[in-house]
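Asker: Structure incoming, see below.
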Ligand SMILES: *Cc1c(COP(=O)(O)O)cnc(C)c1O
């Protein structure tokens with residue numbers, strides 16, 4: 016598979032080049048040049064296929080240049096998704112739990128695959144790289160954990176001061192070693208802008224080999240498609256399958272849309288957001304109006320200018336109608352999020368984190384609002400993107416009970432924070448990087 020920039024630069028690159036560059040030289044994002052038909056591969060997976068088997072099969076089909084796909088999949092994914100179903104008169108809503116990895120959020124899948132691939136490729140290159148990543152919370156912890164201790168790689172994580180949960184901050188700042196946490200005096204959008212500017216700054220490009228690990232990196236985007244296929248292999252055979260994706264930067268949803276393009280039989284996707292609803296607004300009106308993000312309970316989705324929108328537009332060739340025929344928008348407020356956490360906990364004992372709650376309510380609304388056609392009983396797989404224990408304060412307030420913490424998070428509680436404060440200016444970041452790594 017080869018890749019080109021969304022901004023029209025026609026230079027094609029291979030996977031390795033796209034992974035290490037992160038962003039294309041013209042500032043665009045890489046997308047595949049071709050659309051392979053994987054439908055017969057998908058049909059060969061039944062509900063006994065393990066997640067790593069499906070991952071290995073897709074790696075071999077998409078990226079034949081990567082050696083030993085089975086070993087790669089096993090090393091990258093020592094954790095797996097879990098699916099659970101609940102039934103109502105309107106249909107089936109399943110939860111695809113993607114939080115059983117080391118940072119307890121779905122980003123572990125992409126980050127761990129990327130780190131494993133990069134380390135493998137760097138062995139040959141004998142070169143050091145600096146990974147720059149902006150995070151609104153969960154990216155940073157997944158990336159920090161995935162890259163911690165990897166040879167030939169330093170990781171720099173930018174996160175917005177006061178805008179991540181205390182536990183998220185612990186996850187970002189307590190590893191040390193090759194992981195440097197920068198606490199930015201600004202918003203997530205500032206962090207993201209600084210990273211983008213760093214990639215385009217000539218004085219940095221001269222002295223350092225910079226790479227990204229954000230959802231803009233293809234090495235994260237492609238592996239996220241694997242769990243859509245895995246969930247499909249577990250579907251209820253008589254039903255039409257939809258995915259509901261709580262979205263911020265729209266990387267997760269883009270991965271699902273890629274799987275659909277490669278032949279996965281999906282009836283539609285629900286793009287669920289919090290009040291940062293730039294993409295739902297586009298779907299409704301055709302106008303794309305990026306704006307500063309507002310803080311919400313689902314803070315990993317507080318994105319005012321979603322990077323991957325550019326990829327979605329490229330995939331649908333700029334046609335809003337084409338995009339809207341596959342993607343259905345739902346917007347959920349903080350009050351509705353808290354209410355959903357409380358209601359679902361009371362009625363069936365399931366504890367949702369605030370991000371998953373946005374998706375859950377969106378799925379319920381979608382079920383209630385659509386005209387169900389005969390023979391078209393839907394199953395909506397809602398992506399459960401984080402463990403509720405990561406958002407203790409909000410979840411406890413909504414349910415009245417303190418959610419249990421997974422082991423991986425418990426052990427962080429007593430570790431000291433190690434971070435460096437920095438202004439939200441590219442000059443400050445550039446100076447720091449040159450001092451430290453050049
Ligand atoms: C990052 C994140 C999201 C949003 O995913 P995108 O790929 O940015 O759309 C949703 N939920 C959680 C818990 C996240 O960490």
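Numbering (this note's numbering), first residue to last: 16 to 453.
For every residue, glycine included, the Cβ atom is placed at its ideal position computed from N, Cα and C.
Identify, in the order they occur along the chain, each residue of the same chain with its Cβ nearer than 8 Å to the Cβ of residue 447, setting aside the five sequence neighbours on each side.
Answerer: Taking the first residue of the chain shown as position 1, residue 447 is located at position 432. Same-chain partners within the cutoff: 197, 435 and 437.
Asker: Who pairs with residue 148 in a beta bridge, going by DSSP?
Answerer: The residue given as residue 148 occupies position 133 in the chain shown. Looking at the DSSP assignment, residue 148 forms a beta bridge with 172.
Asker: Under 8 Å by Cβ, that's how I've got residue 156 and residue 178 pegged, so tell me the actual separation to the nearest angstrom.
Answerer: Here residue 156 refers to the residue found at position 141 when the chain shown is read from its first residue. Here residue 178 refers to the residue found at position 163 when the chain shown is read from its first residue. A Cβ-Cβ separation of about 14 Å leaves residue 156 out of contact with residue 178 under the 8 Å criterion.
Asker: So the candidates are 235, 39, 38 and 249; which of them puts its Cα closest to the Cα of residue 60?
Answerer: Walking along the chain shown from the start, residue 60 turns up at place 45. Ranking 235, 39, 38 and 249 by Cα distance to residue 60 puts 249 first.
Asker: Just the C-alpha distance for residue 213 and residue 16, rounded to the nearest angstrom, thanks.
Answerer: Your numbering for residue 213 matches position 198 in the chain shown. Your numbering for residue 16 matches position 1 in the chain shown. Going from the Cα of residue 213 to the Cα of residue 16 covers about 28 Å.
Asker: Taking contact to mean 3 or more Cβ pairs, one atom from each stretch, closer than 8 Å, check whether the region 393 to 411 and the region 355 to 373 are in contact.
Answerer: The region 393 to 411 makes contact with the region 355 to 373; the number of CB pairs closer than 8 Å reaches 3 or more.
Asker: For the alpha helix (DSSP H) that contains residue 206, what are its first and last residues?
Answerer: Translated into positions along the chain shown, residue 206 becomes position 191. Its alpha helix (DSSP H) spans residues 203 to 215.
Asker: Closer than 8 Å by C-beta to residue 381: which residues in its own chain qualify, once you throw out the five before and the five after it? Chain order, please.
Answerer: In the chain shown, counting from the first residue as 1, residue 381 sits at position 366. Once the five neighbours on either side are set aside, the close Cβ partners of residue 381 are 257, 259, 285, 343, 345 and 395.
Asker: Would you mind sorting residue 288 into buried or exposed? The rule is 16 or more other CB atoms within 10 Å of its CB.
Answerer: Counted from its first residue, the chain shown places residue 288 at position 273. The residue is buried, with at least 16 neighbouring Cβ atoms inside 10 Å.
Asker: If you follow the alpha helix (DSSP H) that residue 27 is in, where does it begin and where does it stop?
Answerer: To locate residue 27, count along the chain shown from 1; it is residue 12. It is not in any alpha helix (DSSP H) - residue 27 carries neither H nor E in the DSSP assignment.
Asker: Closer than 7 Å: is that where the CB of residue 262 sits relative to any heavy atom of ligand 1?
Answerer: Start at 1 with the first residue of the chain shown, and residue 262 comes out as number 247. True, at least one ligand heavy atom lies under 7 Å from that Cβ.
Asker: Tell me whether residue 230, by its Cβ, gets closer than 7 Å to a heavy atom of ligand 1.
Answerer: As a first step, residue 230 must be located in the chain shown, where it is residue number 215. Residue 230 Cβ: within cutoff of ligand 1.
Asker: How is the beta strand (DSSP E) around residue 13 delimited, first residue to last?
Answerer: This structure does not reach residue 13, given that the chain is present from 16 up to 453, and the question cannot be answered.
Asker: Sorted by chain position, which residues of the same chain lie with C-beta nearer than 8 Å to residue 34's C-beta, five sequence neighbours on each side aside?
Answerer: For this step, residue 34 is matched to residue 19 along the chain shown. Taken in chain order, the residues that qualify are 129, 132, 133, 136, 226, 232, 233 and 234.
Asker: Taking 7 Å as the limit between beta carbons, can you name the residues of its chain near residue 399, skipping five residues before and five after?
Answerer: Here residue 399 refers to the residue found at position 384 when the chain shown is read from its first residue. Taken in chain order, the residues that qualify are 110, 111, 112, 113, 114 and 371.
Asker: So does residue 122 have its beta carbon nearer than 7 Å to some heavy atom of ligand 1?
Answerer: By one-based count along the chain shown, residue 122 stands at place 107. Within the cutoff, so yes.
Asker: What does the alpha-carbon distance come out to for the pair residue 141 and residue 236?
Answerer: As a first step, residue 141 must be located in the chain shown, where it is residue number 126. As a first step, residue 236 must be located in the chain shown, where it is residue number 221. C-alpha of residue 141 to C-alpha of residue 236: approximately 25 Å in a straight line.
Asker: Helix, strand or coil for residue 422 per DSSP?
Answerer: Taking the chain shown and counting its residues from 1, the one referred to as residue 422 is at position 407. Helix, per DSSP.
Asker: If I'm right that residue 228 touches residue 126 with Cβ under 8 Å, what's the distance once you round it to whole angstroms?
Answerer: Taking the chain shown and counting its residues from 1, the one referred to as residue 228 is at position 213. Taking the chain shown and counting its residues from 1, the one referred to as residue 126 is at position 111. Their Cβ separation, rounded to whole angstroms, is 6 Å, which keeps residue 228 and residue 126 in contact under 8 Å.
Asker: Looking only at its chain, what residues have a beta carbon closer than 8 Å to the beta carbon of residue 79, apart from the 5 residues adjacent to it on each side?
Answerer: Working through the chain shown from its first residue, we reach residue 79 at position 64. Closer than 8 Å at the Cβ level, and outside the excluded window around residue 79, lies no residue.
Asker: Tell me the rounded alpha-carbon separation between residue 350 and residue 373.
Answerer: Here residue 350 refers to the residue found at position 335 when the chain shown is read from its first residue. Here residue 373 refers to the residue found at position 358 when the chain shown is read from its first residue. Taking C-alpha positions only, residue 350 is separated from residue 373 by approximately 11 Å.
Asker: My output table needs one value for residue 453: the three-state DSSP class, helix, strand or coil.
Answerer: Against the chain shown, residue 453 aligns to sequence position 438. Residue 453: coil per DSSP, three-state reduction.
Asker: Per the DSSP calculation, residue 435 is bridged to which residue(s)?
Answerer: As a first step, residue 435 is located in the chain shown; it is residue number 420 there, counting from the start. Per DSSP, 197.
Asker: Going along the chain, which residues of its own chain have a beta-carbon closer than 6 Å to the beta-carbon of residue 14, five neighbours each way excluded?
Answerer: Here the chain covers residues 16 to 453 and nothing more, so residue 14 does not appear.
Asker: Measuring only from the beta carbon, is residue 265 closer than 7 Å to any heavy atom that is part of ligand 1?
Answerer: Against the chain shown, residue 265 aligns to sequence position 250. Within the cutoff, so yes.
Asker: Helix, strand or coil for residue 96, going by three-state DSSP, please let me know.
Answerer: Within the chain shown, numbered from 1, the residue matching residue 96 stands at position 81. Residue 96 falls in the coil class under three-state DSSP.
Asker: Run through the DSSP bridge pairs and tell me what residue 284 is partnered with.
Answerer: In the chain shown, residue 284 corresponds to position 269, counting from 1. Per DSSP, 258 and 342.
Asker: Which residue's Cα is closest to the Cα of residue 69: 88, 81 and 52?
Answerer: On the chain shown, residue 69 is found 54 positions in, with the first residue counted as 1. The option with the nearest alpha carbon to residue 69 is 88.
Asker: Taking its Cβ as the centre, do 16 or more other Cβ atoms sit within 10 Å of residue 418, making it buried, or is it exposed?
Answerer: As a position in the chain shown, residue 418 is number 403, starting the count at 1. With 16 or more other Cβ atoms within 10 Å, it is buried.
Asker: What residue from 108, 123, 294 and 391 has the CA that sits closest to residue 99's CA?
Answerer: Position 84 of the chain shown, counted from the start, is the residue given in the question as residue 99. Considering only 108, 123, 294 and 391, the residue with the shortest C-alpha distance to residue 99 is 108.
Asker: Determine the closest residue to residue 181 out of 424, 50 and 263, with distance taken between C-alpha atoms.
Answerer: Position 166 of the chain shown holds residue 181. Checked all of 424, 50 and 263; the closest Cα to residue 181 is 424.
Asker: By the 10 Å Cβ neighbour count, where 16 or more other Cβ atoms means buried, how is residue 431 classified, buried or exposed?
Answerer: If you number the chain shown from 1, residue 431 lands on position 416. So residue 431 counts as exposed.
Asker: Would you please verify whether the beta carbon of residue 288 is less than 8 Å from any beta carbon of chain C?
Answerer: Of the chains in the structure shown, none is chain C; there is only one protein chain.
Asker: Which residue comes first and which comes last in the alpha helix (DSSP H) that contains residue 365?
Answerer: Here the question's residue 365 lines up with position 350 in the chain shown. Looking at the DSSP string, residue 365 is not in any alpha helix (DSSP H), and its letter there is neither H nor E.
Asker: What do you reckon, is the C-beta of residue 401 under 7 Å from a heavy atom of ligand 1?
Answerer: Counting from one through the chain shown, the residue named residue 401 turns up at place 386. Yes.
Asker: Going by the beta-carbon positions, is the gap between residue 52 and residue 24 smaller than 8 Å?
Answerer: Here residue 52 corresponds to residue number 37 of the chain shown, with the count starting at 1. Here residue 24 corresponds to residue number 9 of the chain shown, with the count starting at 1. Note that the C-beta distance between residue 52 and residue 24 is not below 8 Å.
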